[in-house]
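Which chain is which? The protein sequence lines are A and B, in order. Under the working numbering, think of the first position of the first sequence as 12, with each following residue one higher. Under the working numbering, think of the first position of the second sequence as 12, with each following residue one higher. We put the beta carbon where it would ideally sit given N, CA and C, even for glycine. Since we're looking at a predicted model, the values are computed, not measured. Notes to accompany the following structure.
There are 2 protein chains.
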Amino acid sequence: MQSLAVHHIGLAVADLADAIETYTVLLGGTLEHREVLADQGVEAASVVFGSSRIELLAPTGADTPVGRFLTKRGPGMHHVAYEVDDVAGALADLASAGAELIDTVPRRGLFGLQVAFIHPDAVHGVLTEVVAVARVT
Amino acid sequence: MQSLAVHHIGLAVADLADAIETYTVLLGGTLEHREVLADQGVEAASVVFGSSRIELLAPTGADTPVGRFLTKRGPGMHHVAYEVDDVAGALADLASAGAELIDTVPRRGLFGLQVAFIHPDAVHGVLTEVVAVARVT
Numbered sequence: 012m013q014s015l016a017v018h019h020i021g022l023a024v025a026d027l028a029d030a031i032e033t034y035t036v037l038l039g040g041t042l043e044h045r046e047v048l049a050d051q052g053v054e055a056a057s058v059v060f061g062s063s064r065i066e067l068l069a070p071t072g073a074d075t076p077v078g079r080f081l082t083k084r085g086p087g088m089h090h091v092a093y094e095v096d097d098v099a100g101a102l103a104d105l106a107s108a109g110a111e112l113i114d115t116v117p118r119r120g121l122f123g124l125q126v127a128f129i130h131p132d133a134v135h136g137v138l139t140e141v142v143a144v145a146r147v148t
Numbered sequence: 012m013q014s015l016a017v018h019h020i021g022l023a024v025a026d027l028a029d030a031i032e033t034y035t036v037l038l039g040g041t042l043e044h045r046e047v048l049a050d051q052g053v054e055a056a057s058v059v060f061g062s063s064r065i066e067l068l069a070p071t072g073a074d075t076p077v078g079r080f081l082t083k084r085g086p087g088m089h090h091v092a093y094e095v096d097d098v099a100g101a102l103a104d105l106a107s108a109g110a111e112l113i114d115t116v117p118r119r120g121l122f123g124l125q126v127a128f129i130h131p132d133a134v135h136g137v138l139t140e141v142v143a144v145a146r147v148t
């Protein structure tokens, strides 16, 4: 597949307001967007640094994907997302290369973007996302 | 402090050649640089995706910082580095805000850049680096 750039770095945090303050006041980023995705059990905020983006992810409860991650590993780095032109095309390339996929078809991710996740076992232990900037509705 | 951008994402890997292949062939990045830093116990390679950069870090032995990280946590995300104009100024800002620092003065990092590390406890569990693009010799 052809990645155009790192789209964002996803971080799991316990307290979203506190994390937003750290990334804006302490590190000097700018809050871009904030959104609750109840069906994914996450409240997310994006903080930009120039053309780079940090995605802060706080669970809406303990029995959610990010909640279980926090219980198991504590707060910290969660995933890396790469921007591609075409998520379905990227998934086809990855599958033909034998990479294990979590999402075999694109789905709606945060902020209305089309995304899919690749299994960490295919990328040296890093949960990896591909994302297309064109929004889906 | 004022971060200009994410400079790179640092990933701990067990096999550098295999990881370079994953990030260039599977994900479509371009190998930028490769270097052994014997005194830091690491062999590093940077892979770029547009204006974004992944730094792959393989230990030169088990009893090194990255070697111990791999033993404890396995391969995966290691740190996030932010570009600043002035590392010493950033450290002064961080210290005055009460952030715990690993490096209280700038030091030479990979590829001859001036760097310093901030303790993960100050940044919601994320080992965080500040880096100035001007090289030190």
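query: Mind listing the chain B neighbours of A:Pro117? Cutoff is C-beta to C-beta under 8 Å, in chain order.; result: Chain B residues near A:Pro117: none, gap ~17 Å exceeds 8 Å.
query: When you check each C-beta in the segment 40-65 of chain B against every C-beta of chain E, which residues fall closer than 7 Å?; result: The structure shown contains no chain E; its protein chains are A and B.
query: Within the same chain, show all residues whose beta-carbon is closer than 6 Å to that of B:Ala16, passing over the 5 residues directly before and after it, in chain order.; result: Glu94
query: With 8 Å as the limit, tell me which residues of the segment 119-141 of chain A have their beta carbon closer than that to any beta carbon of chain B; keep them in chain order.; result: Pro131, Ala133, Val134, His135, Gly136, Val137, Thr139
query: Quick check: is the beta carbon of B:Leu73 nearer than 8 Å to any beta carbon in chain A?; result: Reading off the sequence, residue 73 of chain B comes out as Ala, not Leu. With 8 Å as the cut-off, B:Ala73 does not count as an interface residue toward chain A.
query: Give the interface partners of B:Ser107 over in chain A, defined as CB-CB distance under 7 Å, in chain order.; result: Ordered by position in chain A, no residue passes the 7 Å Cβ test against B:Ser107, which lies about 11 Å from the chain.
query: Keeping to the same chain, check which residues put their C-beta closer than 8 Å to that of B:Glu111; ignore five residues upstream and five downstream.; result: Ile129, His130, Asp132, Ala133
query: Report, in whole angstroms, the separation of the C-beta atoms of B:Leu69 and B:Asp26, which I expect to be a contact under 8 Å.; result: It is worth fixing the name first, because residue 69 of chain B is Ala in this sequence and not Leu. B:Ala69 to B:Asp26, Cβ: 7 Å. Contact.
query: Give me whichever residues DSSP pairs with A:Leu48 in a beta bridge.; result: A:Val53
query: So, A:Leu105 versus B:Leu37, is the Cβ gap smaller than 8 Å?; result: yes
query: Based on Cα-Cα distance, which residue from A:Gly52, A:Thr35, A:Val58, A:Ala143 lies nearest to A:Asp74?; result: A:Gly52
query: Are the Cβ atoms of B:Pro117 and B:Ala108 separated by less than 8 Å?; result: no
query: Cβ of A:Glu43 within 8 Å of Cβ of A:Leu121?; result: no
query: Spell out the partners DSSP gives B:Val144 in its beta bridges.; result: In the DSSP output, where bridge partners are listed per residue, B:Val144 has none listed.
query: When you check each C-beta in the segment 21-42 of chain A against every C-beta of chain B, which residues fall closer than 9 Å?; result: Leu22, Ala23, Val24, Ala25, Asp26, Asp29, Ala30, Thr33, Tyr34, Val36, Leu37, Leu38, Gly39, Gly40
query: Span of the alpha helix (DSSP H) holding B:Ala101?; result: 98-107
query: Pull the bridge partners of B:Gly61 from the DSSP assignment, please.; result: None; B:Gly61 has no bridge partner.
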